[in-house]
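Have a look at the structure below before the remarks.
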Amino acid sequence: MDKVRIGVIGIGGMGTGHAKRLQGGQVPRAELAAVCDIDPKRFKDFPGVKAFESSAELIRSGLVDAVIVATPHYGHTTIGIDALQNGIHTLVEKPISVHKADAERLIAAHTDPKVVFCAMFNQRTDPHFSKMRELVENGTVGKIQRVNWIITTWFRSEAYYRSGGWRATWEGEGGGVLLNQCPHNLDLFQWICGKPTSVYAVGGIGKYHDIEVEDDITAIYEYANGATGVFVTTTGEAPGTNRLEIVGTNGKLVNEGGKLTFTRNEVPADVYCATTEERFGVPGIWNIDIPIKSGGDQHLGIKKNFVNAILDGVPLIAPAEEGIHSVEMANAMIYSCMTGKKVDLPLDGALYEAHLKKLIAESTFQKKTDASANLDLKGSF
Ligand SMILES: NC(=O)c1ccc[n+]([C@@H]2O[C@H](COP(=O)([O-])OP(=O)(O)OC[C@H]3O[C@@H](n4cnc5c(N)ncnc54)[C@H](O)[C@@H]3O)[C@@H](O)[C@H]2O)c1
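Taking the working numbering, the leading residue of the sequence shown gets 181, the next gets one more, and so forth.
Rendered as structure tokens:
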């Protein structure tokens, strides 16, 4: 094979973007071979492209080597499993699944190592985050003591929530800000800092919007090495803040406003603490601006990497298996927020699945939907 024939499943806001990039030749050695949506009105932008109203038919058509699954989240699991079991290379949108037990089912369907299975964690291509990961991993930051991410720049209006019947419902989406906007941040947080051992979250269900899921969360994390973390997010605050701060014994690493800075201790904080005779002294510092030119290739970068993995066997930037971590973190925070309990990790996936099924079964929420909503995702990510 010298060209990957890709089918895009779910031609809504995100799927249309993926399909247009493929059609426009922006992903070398790949072509848009087919599109699929349960709503045939979505095919109008793709005249001449083979269109399917059933993902099962597209997957079995013989027309595609690979699929991109950009349906509402629950479909990532069911359609992803079908594609993988039929030997089709699969790129699923984030989150890879709605809950941990589904993520395990999806991952279990990936049995053939020749089949490439990738997740759309496009923010992993942003060099600010890969640099932070490098500086934590190579010990530059020292022993991690505290990590904070305030990510409240995900403001969303009522019009946004009305734009899709599935959005912000337990049955259609399985969660709110943690399942839709934050999978990127939760993925990066554990990619850079590792996974915590426990989570305690407070916040609000439909606090700022007419929705039945969480739109405001403040969570406290504990890590195995004794470090603590705080994760703050909402879709109801403007102007928002996006500040990721990692404090280690060697200094403080901050990513905010497109700038990555490292305030380095001349003497590690723990060494200074143990050895100085100064009662109110603090270590001297150097301020370091880390030069980073761009925000990375984002969605295009992941699609190119997916194709290169299929054709050349290059390693994936975001193997889909790693997507289970952000799903588990989102589930644990929702569960903690709704029960008032601290949740130890690993989360019991069956317990959370039962919790979600109960929320779906007992829901009396009447979702308002605006069928005329446009699909333009400008300003979404
Ligand atoms: N990576 C990112 O930055 C990013 C950004 C936006 C959305 N997304 C993800 O993309 C997914 C879709 O989001 P969206 O905003 O495009 O939603 P959307 O509602 O605009 O589009 C979803 C489309 O899927 C179709 N669909 C539903 N069930 C289907 C099925 N079984 N088979 C085929 N098509 C089906 C719908 O008819 C609709 O056209 C979500 O999971 C979301 O998290 C990712």
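Where a beta carbon is used, it is the ideal one built from N, C-alpha and C, also for glycine.
Whose C-alpha, out of W329, L243 and R347, is nearest the C-alpha of K548?
Within the sequence shown, residue 548 is the residue found at index 368, counting from 1. Out of W329, L243 and R347, R347 has the C-alpha closest to the C-alpha of K548.
Could you tell me whether the region 483 to 501 touches the region 374 to 392, where touching means 3 or more Cβ pairs closer than 8 Å?
no
When you compare the region 323 to 336 with the region 358 to 369, are there three or more beta-carbon pairs, one atom per stretch, that lie closer than 8 Å?
yes
Taking the C-alpha atoms as reference points, what is the distance between T408 and K522?
Sequence index remark: in the sequence shown, residue 408 carries index 228 (1-based). Sequence index remark: in the sequence shown, residue 522 carries index 342 (1-based). Answer to the nearest angstrom: the Cα atoms are 14 Å apart.
Between A418 and the rest of its own chain, which residues show a CB-CB distance below 8 Å, the 5 nearest in sequence each way excluded?
For the purposes of this step, residue 418 is taken as residue 238 along the sequence shown, with counting starting at 1. Excluding positions up to five away in sequence, the list reads F335.
Use the C-beta contact count for F232: other C-beta atoms within 10 angstroms, 16 or more gives buried, fewer gives exposed.
The residue you call residue 232 lines up with position 52 of the sequence shown. Looking at its Cβ environment, which holds 16 or more other Cβ atoms inside 10 Å, F232 is buried.
C-alpha distance - N435 paired with L424, whole-angstrom precision
Position 255 of the sequence shown, counted from the first residue, corresponds to residue 435. Position 244 of the sequence shown, counted from the first residue, corresponds to residue 424. Their Cα atoms are separated by approximately 5 Å.
Which of helix, strand or coil DSSP assigns to T270:
Counting from 1 along the sequence shown, the entry for residue 270 is found at position 90. If DSSP states are grouped into helix, strand and coil, T270 belongs with the strands.
Under 7 Å: does the beta carbon of I514 sit that close to some heavy atom of ligand 1?
Start at 1 with the first residue of the sequence shown, and residue 514 comes out as number 334. No; taking the cut-off as 7 Å, the Cβ of I514 has no heavy atom of ligand 1 nearer than that.
Sufficient close CB pairs (3 or more, under 8 Å) joining the region 450 to 462 to the region 244 to 262:
no
Looking at the structure shown, is K439 part of a helix, part of a strand, or coil, going by DSSP?
Locating residue 439 in the sequence shown gives position 259, where the first residue counts as 1. Strand at K439.
Using a Cβ-Cβ cut-off of 6 Å (strictly less than) and excluding sequence neighbours within five positions of N488, which residues of its own chain qualify?
The count along the sequence shown starts at 1 and reaches residue 488 at position 308. Contacts found: V494.
Please name the residue in A404, G352 and I470 whose C-alpha comes closest to that of L539.
Numbered from 1 along the sequence shown, position 359 holds the residue referred to as residue 539. Out of A404, G352 and I470, G352 has the C-alpha closest to the C-alpha of L539.
Which residues in the same chain as K230 place their Cβ atom closer than 8 Å to its Cβ, once the five residues preceding and following it in sequence are excluded?
As a first step, residue 230 must be located in the sequence shown, where it is residue number 50. So the list reads A213, A214, V215, S241 and L243, once near-sequence residues are dropped.
Buried versus exposed, by CB contacts within 10 Å (16 or more), P227:
Here residue 227 corresponds to residue number 47 of the sequence shown, with the count starting at 1. When all chains shown are included, P227 counts as exposed.
Can you tell me where the alpha helix (DSSP H) holding I482 begins and where it ends?
Within the sequence shown, the letter at position 302 stands for residue 482. Residues Q478 to D492.
What is the DSSP secondary structure of T421, reduced to helix, strand or coil?
Along the sequence shown, read from residue 1 onward, the residue named residue 421 stands at position 241. Coil, per DSSP.
Identify the continuous alpha helix (DSSP H) that holds S516 and give its terminal residues.
Numbered from 1 along the sequence shown, position 336 holds the residue referred to as residue 516. It spans G503 to T519 - the alpha helix (DSSP H) in which S516 sits, taken as one unbroken run.
With a threshold of 16 other CB atoms inside 10 Å of the CB of E565, please say whether the residue is buried or exposed.
This structure does not reach residue 565, given that the chain is present from 181 up to 561, and the question cannot be answered.
Going along the chain, which residues of its own chain have a beta-carbon closer than 8 Å to the beta-carbon of R564, five neighbours each way excluded?
The displayed coordinates of the chain run from 181 to 561. Any statement about residue 564 would go beyond what the structure contains.
Any heavy atom of ligand 1 closer than 7 Å to the CB of S235?
Here the question's residue 235 lines up with position 55 in the sequence shown. Checking every heavy atom of ligand 1 against the Cβ of S235, one is found closer than 7 Å.
Can you name, in chain order, every residue of its own chain whose Cβ lies under 7 Å from the Cβ of R209, other than the five neighbours on each side?
On the sequence shown, position 29 is the one that residue 209 refers to. So the list reads D182, K183, V184, V487 and L491, once near-sequence residues are dropped.
Let's test the definition: count the other Cβ atoms within 10 Å of the Cβ of C453 and tell me whether it reaches 16, buried, or not, exposed.
Taking the first residue of the sequence shown as 1, we reach residue 453 at position 273. It is exposed - the Cβ of C453 has fewer than 16 other Cβ atoms within 10 Å.
Runs of 3 residues minimum, wholly inside the region 311 to 336: which ones carry the beta strand (DSSP E) assignment?
324 to 331
Three-way DSSP call (helix, strand, coil) for Y341 in this model
Position 161 of the sequence shown, counted from the first residue, corresponds to residue 341. Looking at Y341 - three-state DSSP - the assignment turns out to be helix.
Got a sec: does ligand 1 put a non-hydrogen atom nearer than 7 Å to the Cβ of T549?
The residue you call residue 549 lines up with position 369 of the sequence shown. Result no, Cβ not under 7 Å from ligand 1.
Beta-carbon separation of A500 and V272 under 8 Å?
For the purposes of this step, residue 500 is taken as residue 320 along the sequence shown, with counting starting at 1. For the purposes of this step, residue 272 is taken as residue 92 along the sequence shown, with counting starting at 1. Going by C-beta atoms, A500 is nearer than 8 Å to V272.
Grouping DSSP H, G and I as helix and E and B as strand, with all else coil, what is R240?
What you label residue 240 is simply residue 60 of the sequence shown in a count that begins at 1. Looking at R240 - three-state DSSP - the assignment turns out to be coil, as it is neither helix nor strand.
How would you call Q173, buried or exposed, if buried means at least 16 neighbouring beta carbons within 10 angstroms?
Nothing about residue 173 can be reported from this structure: the residues present for the chain run from 181 to 561 only.
Going by the CB atoms, is the gap between D225 and G190 shorter than 8 Å?
Here the question's residue 190 lines up with position 10 in the sequence shown. Here the question's residue 225 lines up with position 45 in the sequence shown. Not a contact, by the Cβ cut-off of 8 Å.
To the nearest angstrom, report how far apart K473 and T544 are at their CA atoms.
The sequence position of residue 473 within the sequence shown is 293, counting from 1. The sequence position of residue 544 within the sequence shown is 364, counting from 1. So the alpha carbons of these two residues sit roughly 49 Å apart.
Ligand 1 and N467: does any heavy atom of the ligand fall closer than 7 Å to the residue's C-beta?
Stepping through the sequence shown from its first residue, residue 467 is reached at position 287. No, the Cβ of N467 stays beyond 7 Å of every heavy atom of ligand 1.
To the nearest whole angstrom, what separates the beta carbons of H253 and G354, a pair I think is in contact under 8 Å?
In the sequence shown, counting from the first residue as 1, residue 253 sits at position 73. In the sequence shown, counting from the first residue as 1, residue 354 sits at position 174. Contact flag correct, Cβ pair sits at about 6 Å.
Assuming N302 and I482 form a contact by the criterion Cβ under 8 Å, report the distance between their Cβ atoms to the nearest whole angstrom.
If you number the sequence shown from 1, residue 302 lands on position 122. If you number the sequence shown from 1, residue 482 lands on position 302. Contact holds; Cβ gap of about 5 Å.
Can you have a look at P376 and say buried or exposed, based on whether 16 or more other CB atoms are within 10 angstroms of its CB?
By 1-based counting over the sequence shown, the position of residue 376 is 196. When all chains shown are included, P376 counts as buried.
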